[in-house]
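Student: Take a look at this one; I'll ask things after.
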Amino acid sequence: MKTQFNASLITALFLVTACDNSSTESESESESESETKIETVEVTKKQADKTEQERIEHIKKSTGKTKSAKSLEINGEKFTSFTTVLVKGSKVYNVQMREPGTVKGSIVVVSTMDVKTLSADLELTSAVKIAKDTYRLLPKQQTNLHEYYHALRKTEGVEVTELEIDYSGKSPETK
15 MKTQFNASLI TALFLVTACD NSSTESESES ESESETKIET VEVTKKQADK TEQERIEHIK
75 KSTGKTKSAK SLEINGEKFT SFTTVLVKGS KVYNVQMREP GTVKGSIVVV STMDVKTLSA
135 DLELTSAVKI AKDTYRLLPK QQTNLHEYYH ALRKTEGVEV TELEIDYSGK SPETK
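Following this line, the structure appears as structure tokens:
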């Protein structure tokens, strides 16, 4: 009887010890999984930051500029540019979209004014009606498009102004 009692006691202790070890193992596995998830998030964030830096470096190289970026507000979004004057073909970087783009050289406006009245005060190469009250304006070749864009935004009778930017990676068409 005593042997049976000792055997039962040893078995019970073994089971309690085995259960205790399995909870310790699952706790350490859970901690290891948490650490792995944290490391993965940190690595992913580092990769995103590295990708962002690579894109900015690509724009710097493609524009031939190595000085600091100029922050611009265009079409309601934040852009950076490495040139002081935006003209057709200038490279810009859309911060929200994280995409490089090329200024196309035209500005689309929605205006209640007639195109003749609108273009009378502006130096345009052409003005084309593309929809009701909507026109594509092509300023003269060496016009600073960023200043021109902001001047149009302040013009009475012009409801919407949008500087056209190409995100395809191709050069704008030459005319």
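Converting from the sequence shown to the numbering used here requires adding 14 to each position, the first position being numbered 1. Glycine included, C-beta positions come from ideal geometry on N, C-alpha and C.
Excluding the five sequence neighbours on either side, which residues of its own chain have a C-beta within less than 7 Å of the C-beta of Ser3, listed in chain order?
Tutor: Nothing in the structure corresponds to residue 3, since the chain is present only between 15 and 189.
Student: May I ask you to report which of helix, strand or coil DSSP gives Arg112?
Tutor: On the sequence shown, position 98 is the one that residue 112 refers to. Coil.
Student: Measure the CB-CB distance between Gly171 and Met127 and report whether it falls below 8 Å.
Tutor: Sequence index remark: in the sequence shown, residue 171 carries index 157 (1-based). Sequence index remark: in the sequence shown, residue 127 carries index 113 (1-based). Yes, Cβ-Cβ distance for Gly171 and Met127 is below 8 Å.
Student: Measure from the alpha carbon of Leu138 to the alpha carbon of each residue in Val117, Lys154, Glu178 and Lys130, then state which is nearest.
Tutor: For the purposes of this step, residue 138 is taken as residue 124 along the sequence shown, with counting starting at 1. Closest by alpha carbon: Lys154.
Student: What residues in its chain sit with their C-beta under 6 Å from that of Val142, if we drop five residues either side in the sequence?
Tutor: The residue given as residue 142 occupies position 128 in the sequence shown. Only Arg150 meet the Cβ criterion.
Student: Using a 10 Å radius around the Cβ and a threshold of 16 neighbouring Cβ atoms, would you call Val117 buried or exposed?
Tutor: Translated into the one-based positions of the sequence shown, residue 117 becomes position 103. Burial call: buried.
Student: Let me confirm a value: Tyr163 is counted as buried when at least 16 other C-beta atoms fall within 10 Å, else exposed. Which label applies?
Tutor: For the purposes of this step, residue 163 is taken as the residue at position 149 of the sequence shown. Counting Cβ neighbours within 10 Å, Tyr163 comes out buried, since at least 16 surround it.
Student: Tell me whether Ala145 sits in a helix, a strand or coil according to DSSP, three-state version.
Tutor: Here residue 145 corresponds to residue number 131 of the sequence shown, with the count starting at 1. The answer is strand: DSSP assigns Ala145 an E or B state.
Student: Which residue's Cα is closest to the Cα of Glu176: Ser125, Ser82 and Ser133?
Tutor: As a working note, residue 176 is residue 162 in the sequence shown. Nearest C-alpha to Glu176: Ser125.
Student: Which residues share a DSSP beta bridge with Arg150?
Tutor: Residue mapping note: residue 150 aligns to position 136 of the sequence shown, counting from 1. In DSSP, Arg150 forms a bridge with Val122 and Val142.
Student: Nearest CA to the CA of Met111: which residue from Glu91, Thr169 and Val129?
Tutor: Position 97 of the sequence shown, counting from 1, holds the residue named residue 111. Checked all of Glu91, Thr169 and Val129; the closest Cα to Met111 is Glu91.
Student: Are the beta-carbon atoms belonging to Leu14 and Val129 less than 8 Å from one another?
Tutor: The first residue shown for the chain is 15 and the last is 189, placing residue 14 beyond what the model contains.
Student: Glu91 by DSSP, collapsed to three states: which one?
Tutor: Within the sequence shown, the letter at position 77 stands for residue 91. Strand at Glu91.
Student: For Ser95 versus Ser104, is the C-beta spacing smaller than 8 Å?
Tutor: Residue mapping note: residue 95 aligns to position 81 of the sequence shown, counting from 1. Residue mapping note: residue 104 aligns to position 90 of the sequence shown, counting from 1. Yes. Within cutoff.
Student: Report the CB separation of Gly115 from Lys102 in whole angstroms; it is logged as a contact under 8 Å.
Tutor: Here residue 115 is taken as the residue at index 101 of the sequence shown, counted from 1. Here residue 102 is taken as the residue at index 88 of the sequence shown, counted from 1. No, Gly115 and Lys102 are not in contact; Cβ-Cβ is about 13 Å, not under 8 Å.
Student: Are Asn158 and Leu86 close, meaning C-beta to C-beta below 8 Å?
Tutor: Within the sequence shown, numbered from 1, the residue matching residue 158 stands at position 144. Within the sequence shown, numbered from 1, the residue matching residue 86 stands at position 72. Their beta carbons are not under 8 Å apart, which means Asn158 does not touch Leu86 by this criterion.
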